[in-house]
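Asker: To start, I am sharing the structure in question, which I have written as structure tokens.
Residue numbers (my numbering): 8 to 141.
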């Protein structure tokens with residue numbers, strides 16, 4: 008029979024092992040960033056920007072390091088501050104093999120348009136907030 012001290016140590020070790028396994032499984036099952044197709048990228052990006060959904064935007068970003076969440080939070084906050092509405096997204100030069108996403112909308116009576124680089128890796132389509140390189 009285990010002594011009280013040995014039982015406490017055994018429980019602590021078991022809890023530690025279970026915690027490490029749980030974290031490992033969560034990380035392993037985290038979905039890859041991006042959308043499964045260019046059309047899904049277009050639709051999800053438009054919805055994320057129009058709804059000011061930072062979590063949805065973060066999931067579409069090709070962003071280095073671990074700052075995608077903070078970037079997405081800040082970006083949608085600016086959309087709200089500038090009263091952005093009527094957001095559209097067009098993929099160019101080809102809807103099926105895009106290199107850029109052209110985002111358009113209206114803010115305080117003025118129209119705006121800007122391009123984002125579109126990338127594809129392992130079947131997942133993402134956008135990068137860097138200037139598109141032709």
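Each residue gets a CB set at the ideal place from its N, CA and C atoms; glycine is no exception.
(1) Here's the rule: buried if 16 or more other CB atoms are within 10 angstroms of the residue's CB, otherwise exposed. What is residue 111?
(2) What's the call for residue 49, buried or exposed, on a 16-neighbour Cβ count within 10 Å?
(3) Taking the beta carbon of residue 25 as the centre, do at least 16 other beta carbons fall within 10 Å, making it buried, or is it exposed?
(4) Quick one: does the C-beta of residue 67 sit closer than 7 Å to a heavy atom of the ligand FMN?
(5) Let me confirm a value: residue 19 is counted as buried when at least 16 other C-beta atoms fall within 10 Å, else exposed. Which label applies?
(6) Below 7 Å CB to CB, which residues in the same chain sit around residue 55 once its five sequence neighbours on both sides are set aside?
Answerer: Checking against the coordinates, here is how it stands:
(1) Taking all protein chains shown into account, residue 111 has fewer than 16 neighbouring C-beta atoms within 10 Å of its C-beta and is therefore exposed.
(2) The residue in question, residue 49, is buried, as its Cβ has 16 or more Cβ neighbours within 10 Å.
(3) By the C-beta density criterion, residue 25 is exposed, having fewer than 16 other C-beta atoms within 10 angstroms.
(4) Among the components of this structure there are no ligands whatsoever, and the ligand FMN is therefore not found.
(5) Classification of residue 19: exposed, given that the 10 Å Cβ count is below 16.
(6) Contacts found: 63, 64, 67.
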